[in-house]
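Just so we're aligned, residue 1 is where the sequence shown starts under UniProt numbering, counting upward by one. We put the CB at the ideal spot given by N, CA and C, even for glycine.
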Amino acid sequence: MAHQETHGFQTEVKQLLQLMIHSLYSNKEIFLRELVSNASDAADKLRFKALSQSDLYEGDGDLRVRISVDKDARTISIIDNGIGMTRDQVVEHLGTIAKSGTADFFKQLSGDQAADSQLIGQFGVGFYSAFIVADKVTVKTRAAGESADRGVVWESEGEGSFTVEDIERAERGTEIILHLREEENEFLDDWKLRSIVSKYSDHVSVPVQFWKEEVPESEGPDGEKIEAKPGEWEQVNSATALWTRSKSEISEEEYKEFYKTVSHDYQEPLLWSHNRVEGKHDYTSLLYVPSKAPWDLGHRESKHGLKLYVQRVFIMDDAEQFMPTYLRFVKGVLDSNDLPLNVSREILQDNAVSDAMRKACTKKVLDMLGRMAKKDEEKYQGFWAEFGNTLKEGPAEDHANKEKIAGLLRFASTHNDSSVDNVSLDAYIERMKEGQDKIYYIVADSYAAAKNSPHLEVFQKKGVEVLLMHERIDEWLMNHLSDYSEKQFQSVTRGALDLGELEDAEEKKAQEEEAKQFDGLVERVKAALGDKVKDVRITHRLTNSPACIVADEHDMSSQMIKLMEAAGQPVPEVKAIFEVNPQHDIVKHVDGLQDEEAFAEWSQLLLEQATLAERGSLEDPASFVARVNSMLLKAAQ
């Protein structure tokens, strides 16, 4: 007796199916590309597994994908004789989306069809795209090597559930039957489907076949006899792996369509590089940079990497060993003639050949991005908006390419008027003032906080450009990026201010005299604040603000403390250095106070103001508010 079960879809699948059913794809015909691509992958996986288990072919090593149409039943069938699925695999693969960060993806959905369709395209729905055109989908499958009575049929109308039942199935592989919606008649046209395959799937490495009807015996115009031709399966694609062809033979359109198949992204790639390497190592790479960030780019643990082939035989998806994590957005294919066919992820992890290919592929991508940045800065700014924060992971991860990666980084700057108008480090260095020997920067919680920081006052006065860093990753980045093009980076919120040759001897002498002049003020503030600060000193970095806090040269910065706290890491107690501006009217007022209790109250208030400006928060905001209110009342009396 057939064993039938009804299962509920995973919550995320239900949401996704609703979006699919409402046709959020603007281009419905891509459903066939997705299903043919999956069928081709099933053939590739069988070919690889059969290297060590030849009996999996079951006497039929002629791998293929077949497409047929039944106009009366209003169905399209996509049939492969690849690896097939067991019952457990059917439930797992067709009932759940096993991807990290899936919940985050669905939080991004806004209800705007145009915006959501782009997200879905980046998510890569594969099999579920069948519901764009079908109101019911039936899947019949049997895993290679299993007996005929281990067949399985899966069926769903794309609502909340699906059924799974055991069946007899003589053929290995998978057949997907799409029961078309009433409004999708165009896809019952055999020639329409052939044209879709030619457009999207010509490069698929297994034959894609359509049934060609028999031709009955007939008579020609001159009475000659034309013999009948029996019906047969006819191949409609070239079945030649695109990357094996010469670059001169491949059109731009073919490159773009191949990217969509490899990435399951329905948008066009931003750029690509196709290379054949011969010599010490023999391999071909075809690497793509997407135009839009994939939905899960922020998840470093998510699957990434290249499709790996060895001597044209598919080995694995997402071979992350050939692309560093900071370039995890890169898609493509790597086909090696040097690696063994039985290579595993563990072997790749510590393999001289794979290490050499990784270095070469990394260099190829960085060079590709570098050329784009030089030739088309506007296009590169578009790339930076999508992938900039991911690229910032590079200097910590890839020391060998640190200088090259740094040249690709972009930052907001006091030289520009908006957070999206970014500058390169090379452009910054070109604009450096005469006598300037450091690259100055500030890291803050937001662009507004960075741009309006009191630490910038002396730099604005002298017309010195400062890089405004306001992303969470920036503090971590700068811990691994100490210099660029022989210029040291210098945080404007850390250590004693030293502008080097940007200050003349007279300025430095005046600062020393001022510091001596206000020794008494400094000592009074130290006594008032006690161990709440590490030190107190006269500032030379402020022109309009009364006070600020800075981190000691070797202490942890405010931003790094926040990062560690957000990550749940223990944070050592770090006290700031408090700097006061004796030329500011408030500080002059405080300096003139004879009442030490009032002096201490004002000193505490100035410290809290400076802390708030630097860190964006206080440990005890209620006490700060009470102190401000008390002083306002005294002033009002």
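Neighbourhood of Ala-287 by C-beta distance below 7 Å, restricted to the same chain and skipping five residues each side: Here residue 287 corresponds to residue number 287 of the sequence shown, with the count starting at 1. Per the sequence shown, residue 287 should be read as Leu rather than Ala. Closer than 7 Å at the Cβ level, and outside the excluded window around Leu-287, lie Trp-272, Ser-273, Val-330, Gly-332, Cys-361, Lys-364, Val-365.
Give a yes or no on contact between the segment 469-486 and the segment 509-522, applying the rule of three or more CB pairs nearer than 8 Å. Below 8 Å, too few C-beta pairs join the segment 469-486 and the segment 509-522 to call them touching: fewer than three.
For Gln-122, does the three-state DSSP call read helix, strand or coil? Walking along the sequence shown from the start, residue 122 turns up at place 122. Note that Gln-122 scores a pLDDT of 46, beneath 50, so its modelled location is shaky; the value from the coordinates is reported in the next line. Three-state result, Gln-122: helix.
For Tyr-283, list the residues DSSP reports as bridge partners. Position 283 of the sequence shown, counted from the start, is the residue given in the question as residue 283. Tyr-283 is bridged by DSSP to Val-277, Ser-336.
Would Gly-160 be called buried (16 or more neighbouring beta carbons within 10 Å of its own) or exposed? Within the sequence shown, the letter at position 160 stands for residue 160. Note on Gly-160: under 16 other CB atoms within 10 angstroms of its CB, so exposed under the neighbour-count rule.
Terminal residues of the alpha helix (DSSP H) in which Ile-561 lies: Along the sequence shown, one-based indexing puts residue 561 at 561. Unbroken alpha helix (DSSP H) run through Ile-561: 558-566.
So, with DSSP's three-state summary, where would you put His-470? The sequence position of residue 470 within the sequence shown is 470, counting from 1. Under the three-state reduction of DSSP output, His-470 falls in the coil class, being neither helix nor strand.
Just curious, the alpha helix (DSSP H) that Ile-586 is in, first and last residue? Residue numbering aside, residue 586 sits at position 586 when the sequence shown is read from its first letter. Unbroken alpha helix (DSSP H) run through Ile-586: 585-591.
In angstroms with no decimal places, state the Cα-to-Cα distance between Ser-557 and Gln-594. As a first step, residue 557 is located in the sequence shown; it is residue number 557 there, counting from the start. As a first step, residue 594 is located in the sequence shown; it is residue number 594 there, counting from the start. Going from the Cα of Ser-557 to the Cα of Gln-594 covers about 35 Å.
Gly-173: first and last residue of the uninterrupted alpha helix (DSSP H) it sits in: The residue labelled residue 173 in the question sits at position 173 within the sequence shown. Careful: Gly-173 lies outside any alpha helix (DSSP H), inside the beta strand (DSSP E) at 173-180.
Hey, is the segment 389-401 in contact with the segment 415-433, meaning 3+ C-beta pairs nearer than 8 Å? The segment 389-401, when compared against the segment 415-433, does not touch it at the 8 Å Cβ threshold.
Own chain residues within Cβ distance below 6 Å of Phe-314, not counting five before or after: Sequence index remark: in the sequence shown, residue 314 carries index 314 (1-based). Same-chain partners within the cutoff: Asp-44, Phe-48.
Buried/exposed call for Pro-230, threshold 16 Cβ in 10 Å: Here residue 230 refers to the residue found at position 230 of the sequence shown. Counting C-beta atoms within 10 angstroms of its own C-beta, Pro-230 has fewer than 16 neighbours from the protein chains shown and is therefore classed as exposed.
Beta bridge counterpart(s) of Gly-151 as assigned by DSSP: Along the sequence shown, one-based indexing puts residue 151 at 151. Ile-167, per the DSSP bridge assignment.
In chain order, what residues of the same chain have a beta carbon less than 7 Å from the beta carbon of Pro-216, not counting five sequence neighbours either side? Translated into the one-based positions of the sequence shown, residue 216 becomes position 216. Answer for Pro-216: Ala-228, listed in chain order.
Report the three-state DSSP secondary structure of Trp-295 (helix, strand or coil). By 1-based counting over the sequence shown, the position of residue 295 is 295. Trp-295 carries a coil assignment under DSSP once its states are collapsed to helix, strand and coil.
State yes or no: is the C-beta of Ser-603 within less than 7 Å of the C-beta of Val-533? Your numbering for residue 603 matches position 603 in the sequence shown. Your numbering for residue 533 matches position 533 in the sequence shown. No; because the gap between Cβ atoms is not below 7 Å, this pair is not in contact.
With DSSP collapsed to three states, give me the class of Tyr-266. Here residue 266 corresponds to residue number 266 of the sequence shown, with the count starting at 1. In this structure, Tyr-266 counts as coil in the three-state DSSP scheme.
For Val-533, name the three-state secondary structure that DSSP assigns. Position 533 of the sequence shown holds residue 533. Collapsing the DSSP output to three states places Val-533 in coil.
Nearest CA to the CA of Ser-491: which residue from Asp-519, Trp-476, Tyr-440? One-based indexing of the sequence shown puts residue 491 at position 491. Considering only alpha carbons, the answer is Tyr-440.
Let me know the secondary structure DSSP gives His-7 once reduced to three states. Your numbering for residue 7 matches position 7 in the sequence shown. Assigned with DSSP and collapsed to three states, His-7 falls in strand.
Ends of the beta strand (DSSP E) at Val-310? Within the sequence shown, residue 310 is the residue found at index 310, counting from 1. Under the DSSP assignment, Val-310 falls in the beta strand (DSSP E) whose first and last residues are 306-310.
For Ala-114, which residues from the same chain have a beta carbon less than 6 Å from its beta carbon, with the 5 sequence-adjacent residues on both sides left out? For the purposes of this step, residue 114 is taken as the residue at position 114 of the sequence shown. For Ala-114, the predicted structure reports a pLDDT of 49, less than 50, and the residue's modelled location is therefore unreliable. The matter cannot be settled from this model.
Range covered by the alpha helix (DSSP H) that runs through Arg-33: Stepping through the sequence shown from its first residue, residue 33 is reached at position 33. Looking at the DSSP string, the run of the alpha helix (DSSP H) that includes Arg-33 is 30-49.
Through-space distance from Ser-40 to Met-357, alpha-carbon basis: Here residue 357 corresponds to residue number 357 of the sequence shown, with the count starting at 1. Here residue 40 corresponds to residue number 40 of the sequence shown, with the count starting at 1. So the alpha carbons of these two residues sit roughly 26 Å apart.
What separation, rounded to the nearest whole angstrom, lies between the Cα atoms of Leu-499 and Lys-374? Reading the sequence shown from its first residue, position 499 is the one you call residue 499. Reading the sequence shown from its first residue, position 374 is the one you call residue 374. Each residue's CA atom was taken as its position, placing Leu-499 and Lys-374 some 31 Å apart.
Just confirm the distance between the C-beta atoms of Ile-78 and Ile-67, as a whole number of angstroms; I'd bet it's less than 8 Å. On the sequence shown, position 78 is the one that residue 78 refers to. On the sequence shown, position 67 is the one that residue 67 refers to. Confirmed, Cβ separation roughly 6 Å.
Short check: CB of Trp-551 to CB of Val-580, under 7 Å? On the sequence shown, position 551 is the one that residue 551 refers to. On the sequence shown, position 580 is the one that residue 580 refers to. According to the sequence shown, residue 551 is Ala rather than Trp. In this structure, Val-580 does not lie closer than 7 Å to Ala-551 by Cβ.
Same chain only: Cβ atoms within 6 Å of Ile-196, ignoring 5 sequence neighbours per side: Here the question's residue 196 lines up with position 196 in the sequence shown. When the five nearest sequence neighbours on each side are left out, the beta carbons in the same chain lying within less than 6 Å of the beta carbon of Ile-196 are those of Glu-29, Leu-32, in order along the chain.
So what's Ser-424 in DSSP terms, helix, strand or just coil? Taking the sequence shown and counting its residues from 1, one reaches residue 424 at position 424. Three-state result, Ser-424: strand.
Take Leu-612 and list the residues in its own chain whose beta-carbon comes closer than 8 Å to its own, dropping the five residues that flank it on each side. Translated into positions along the sequence shown, residue 612 becomes position 612. Within the same chain, and ignoring the five residues on either side of Leu-612 in sequence, the residues whose Cβ sits closer than 8 Å to its Cβ are Leu-618, Phe-624.
Write down every uninterrupted run of the beta strand (DSSP E) in the segment 476-545 whose length is 3 residues or greater and which is fully enclosed by it, in chain order. Fully enclosed beta strand (DSSP E) runs of no fewer than 3 residues occupy 487-491, 535-538 of the segment 476-545, in order along the chain.
At the level of alpha carbons, what is the spacing between Thr-284 and Ser-336? Counting from one through the sequence shown, the residue named residue 284 turns up at place 284. Counting from one through the sequence shown, the residue named residue 336 turns up at place 336. Spanning the two alpha carbons is a distance of roughly 7 Å.
Would you say the segment 130-142 touches the segment 169-185, given that touching needs at least three Cβ pairs under 8 Å? Cβ pair count under 8 Å is three or more, so yes.
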